[in-house]
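Taking it in order: structure first as structure tokens, then the write-up.
In my numbering, the protein residues as written are 161 to 780.
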């Protein structure tokens, strides 16, 4: 077990136990876990509890479709990203960072991860993403990874009331289950002390807690120990609790031991696998938090599925009743007097699927009709479906609830864009929260690039026209402008110090020293290595990761491009702005090439491409 510099293991475990107790004994935590359990059941089955009819004829799940459609809308397009600088003279570096993140976005399948985070947030109010450097990623070459993290595995300091303030949390705890051999390879000094767990995934239990799970493991291991491994496991696995905590511990001189925080890895048998300072330059937690909808009482967001749960249940009940009524009406019933038909005829009719009802002579028997027409059932279901879409912000842009109203007449692209925006206000509100989440995540991405990226790397990504492109990352290009600014700053400080020293020497009459200082000032200074490291460590603060508003919404970009096309045709804006809106690289150069091509066609006596296509369509 690794030695602690200032605190023994018992004191450290006691502190971690207090964190576990604050999390697991909180009524809000317990209530949130129960809400998640019901929400997941509603998402998977369309019902949050037992139903009166265990085997209904009609059952569908509009809630799952609603959540998936919201996630698909929010992540339909790769957002337009950019990196801006807050200082002059760093333009080339910001362009290198933009291209590096743009390529890394595809390398780590960022869009799929974002869709998963949006699904987590849609069902369980919140979603998390990590932003790490993994030396084993990219087939052992190392890469920045941004995994989507299930919120059931994460616990945050309850003092945080806004997801955007995650970096201010006193602690973040993440739970996972990993193969024992992987932990042993990464931390070989504790291999003999590792003990296997009976868990296969971190979601095996309904609730994920800290101290409770570890206490329950002791009896299991005592009864099912086989060479340090659980006998029921094909491959042994270990439960890990990863703590990222603020720590004000100081050394003998009073300097902080953990100025950027502390990371502790604890196994299921109270074994401390790892204890070290936060390894990242930015000193921020390597996670970001997306809340689905703002909640005034909690940073975890509001549970929107509760708004549609009853509507979903009513929809299925009406659908089941309508289906049963249609099945009953589908049976052809023949009412006849007894012995009015021959027995062979009655049997033949029954074999053909008719229901023959024989009544006594003089008795009146009628087949009652349904008190509610089947069409009324379908109309009500249509209204319920429209109400669910209205509550979730997914209603048809041209109609009201359930399509009861007619479609609005659209006369211009600007009107179409306005109609689209007014129809999906809630989706656009979620898009704004997602963009804020991405900007916070991208800021940490910039820090990881400065800290970990190798000297050079050829990165492959998908371009805006769905073509495969490559970007050659060079660390020297990334650092050139930063080190130049750092050297200029160092020269100024050095020159100011020399001038003060020369003035002091001349005042004291030490002209020899003053002359030596003046000669030394003519030498070209070299930036010390500690200044180089200091410039690289703090470089991420000089840049801002930006996301173009609503650029991830496909319809929004299409409508804006249509509006800009109309304005460009009217000569009110340059043509390259339309190409830029559609995501073309180098739009100004493309616009110039198109203009040059039109001039060449005009010189050759050929009509413009648009007029030529119109003539060919008229001939058809």
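Beta carbons are placed, not taken as given, at the ideal position from N, Cα and C, and that holds for glycine.
Straight-line Cα distance separating residue 542 from residue 549: Numbered from 1 along the chain shown, position 389 holds the residue referred to as residue 549. Numbered from 1 along the chain shown, position 382 holds the residue referred to as residue 542. Residue 549 and residue 542: Cα-Cα distance of roughly 11 Å.
Report buried or exposed for residue 346, applying the criterion of at least 16 other Cβ atoms within 10 angstroms of its Cβ. On the chain shown, position 186 is the one that residue 346 refers to. Exposed: under 16 other Cβ atoms inside 10 Å.
Out of 513, 645, 464, point me to the one whose CA is closest to residue 488's CA. By 1-based counting over the chain shown, the position of residue 488 is 328. Closest in alpha carbon position to residue 488, among 513, 645, 464, is 513.
If you run the structure through DSSP and keep just helix, strand and coil, what is residue 338? In the chain shown, counting from the first residue as 1, residue 338 sits at position 178. It is a strand residue.
Quick check on the burial criterion: 16 or more other C-beta atoms within 10 angstroms. Buried or exposed for residue 431? As a working note, residue 431 is residue 271 in the chain shown. Classification of residue 431: buried, given that the 10 Å Cβ count is 16 or more.
How about residue 308 and residue 273: do their beta carbons lie closer than 8 Å? Along the chain shown, one-based indexing puts residue 308 at 148. Along the chain shown, one-based indexing puts residue 273 at 113. Judged by beta-carbon spacing, residue 273 lies within the 8 Å limit of residue 308, meaning their Cβ atoms are closer than that value.
In three-state terms, what does DSSP make of residue 305? To locate residue 305, count along the chain shown from 1; it is residue 145. Residue 305 falls in the strand class under three-state DSSP.
Confirm, please, whether the CB-CB distance from residue 448 to residue 597 is below 8 Å. Reading the chain shown from its first residue, position 437 is the one you call residue 597. Reading the chain shown from its first residue, position 288 is the one you call residue 448. It is a contact, given that the beta carbons lie within the stated cut-off.
Go ahead and label residue 204 buried or exposed: buried means 16 or more other beta carbons lie within 10 angstroms of its beta carbon, across all protein chains shown. As a first step, residue 204 must be located in the chain shown, where it is residue number 44. Per the 10 Å Cβ criterion, exposed.
CB contact flag (residue 742, residue 750, <8 Å): To locate residue 742, count along the chain shown from 1; it is residue 582. To locate residue 750, count along the chain shown from 1; it is residue 590. No, Cβ-Cβ distance for residue 742 and residue 750 is not below 8 Å.
Whole beta strand (DSSP E) elements within the segment 485-570, 3-residue minimum: 493-497, 515-519
Would you mind listing the beta strand (DSSP E) stretches within the segment 197-268 that are 3+ residues and don't spill past its ends, in chain order? 241-245
What are the boundary residues of the alpha helix (DSSP H) that residue 293 is part of? Locating residue 293 in the chain shown gives position 133, where the first residue counts as 1. Note, residue 293: premise wrong, no alpha helix (DSSP H); beta strand (DSSP E) at 292-294.
Work out the CA separation of residue 638 and residue 256 for me, nearest whole Å. On the chain shown, residue 256 is found 96 positions in, with the first residue counted as 1. On the chain shown, residue 638 is found 478 positions in, with the first residue counted as 1. In this structure, the CA atom of residue 256 is about 6 Å from the CA atom of residue 638.
Assign residue 553 to one of two classes, buried (16 or more other C-beta atoms within 10 Å of its C-beta) or exposed (fewer than that). On the chain shown, position 393 is the one that residue 553 refers to. Per the 10 Å Cβ criterion, buried.
Bridge partners for residue 315 per DSSP, in chain order? Mapped onto the chain shown, residue 315 falls at position 155. DSSP lists 333 as partners of residue 315.
DSSP three-state label for residue 733, please. Numbered from 1 along the chain shown, position 573 holds the residue referred to as residue 733. Reduced to three states, the DSSP call for residue 733 is coil.
Our contact map puts residue 200 next to residue 264 with C-beta atoms below 8 Å; I'd like the distance itself, whole angstroms only. On the chain shown, position 40 is the one that residue 200 refers to. On the chain shown, position 104 is the one that residue 264 refers to. Their Cβ separation, rounded to whole angstroms, is 32 Å, which puts residue 200 and residue 264 out of contact at 8 Å.
Decide if residue 343 is buried, meaning its Cβ has at least 16 other Cβ atoms within 10 Å, or exposed. Start at 1 with the first residue of the chain shown, and residue 343 comes out as number 183. In this structure residue 343 is buried. Its beta-carbon is surrounded by 16 or more other beta-carbon atoms within 10 angstroms.
Does DSSP classify residue 361 as helix, strand or coil? To locate residue 361, count along the chain shown from 1; it is residue 201. Correct three-state label for residue 361: coil.
Output the boundary residues of the alpha helix (DSSP H) element that contains residue 747. As a first step, residue 747 is located in the chain shown; it is residue number 587 there, counting from the start. Where residue 747 is concerned, the enclosing alpha helix (DSSP H) stretches over 747-763.
May I ask you to report which of helix, strand or coil DSSP gives residue 709? Position 549 of the chain shown, counted from the first residue, corresponds to residue 709. Residue 709 falls in the coil class under three-state DSSP.
Look up residue 186 in the DSSP assignment and say whether it is helix, strand or coil. Residue 186 sits at position 26 when you count from the first residue of the chain shown. Looking at residue 186 - three-state DSSP - the assignment turns out to be coil, as it is neither helix nor strand.
Determine the closest residue to residue 687 out of 763, 640, 726, with distance taken between C-alpha atoms. What you label residue 687 is simply residue 527 of the chain shown in a count that begins at 1. Of the listed residues, the one whose Cα sits closest to residue 687 is 640.
Using the three-state DSSP reduction, which class does residue 404 fall into: helix, strand or coil? Residue mapping note: residue 404 aligns to position 244 of the chain shown, counting from 1. Strand at residue 404.
Using DSSP's beta-bridge definition, name the partner residues of residue 619. As a first step, residue 619 must be located in the chain shown, where it is residue number 459. Bridge partners of residue 619: 631.
Simplified DSSP assignment, three categories, for residue 171: For the purposes of this step, residue 171 is identified with residue 11 of the chain shown, where counting begins at 1. DSSP places residue 171 in helix when its eight states are reduced to three.
How far does the alpha helix (DSSP H) with residue 597 in it extend, from its first residue to its last? Locating residue 597 in the chain shown gives position 437, counting from the first residue. Start and end: 585-612.
Let me know if residue 403 comes out buried or exposed under the rule of 16 or more other beta-carbons within 10 Å of its beta-carbon. Within the chain shown, residue 403 is the residue found at index 243, counting from 1. Answer is buried; the Cβ neighbour count reaches 16.
Cβ-based neighbour list, residue 509, same chain, cut-off 7 Å, excluding 5 preceding and 5 following: Here residue 509 refers to the residue found at position 349 when the chain shown is read from its first residue. If we look at residue 509 and ignore the five residues flanking it on each side, its Cβ neighbours are 494, 516.
Pair every Cβ in the segment 449-464 with every Cβ in the segment 613-629, then say whether three or more of these pairs are closer than 8 Å. no
DSSP three-state label for residue 450, please. Position 290 of the chain shown holds residue 450. Reduced to three states, the DSSP call for residue 450 is strand.
Could you give the first and the last residue of the continuous alpha helix (DSSP H) run that contains residue 415? Locating residue 415 in the chain shown gives position 255, where the first residue counts as 1. Segment: none, residue 415 is in no alpha helix (DSSP H) and carries neither H nor E.
Whether residue 537 touches residue 482 by CB criterion (8 Å): Taking the first residue of the chain shown as 1, we reach residue 537 at position 377. Taking the first residue of the chain shown as 1, we reach residue 482 at position 322. A contact, by the Cβ cut-off of 8 Å.
Do residue 498 and residue 527 have their C-beta atoms closer together than 8 Å? The residue you call residue 498 lines up with position 338 of the chain shown. The residue you call residue 527 lines up with position 367 of the chain shown. No; because the gap between Cβ atoms is not below 8 Å, this pair is not in contact.
Through-space distance from residue 698 to residue 607, alpha-carbon basis: Here residue 607 corresponds to residue number 447 of the chain shown, with the count starting at 1. Here residue 698 corresponds to residue number 538 of the chain shown, with the count starting at 1. Answer to the nearest angstrom: the Cα atoms are 8 Å apart.
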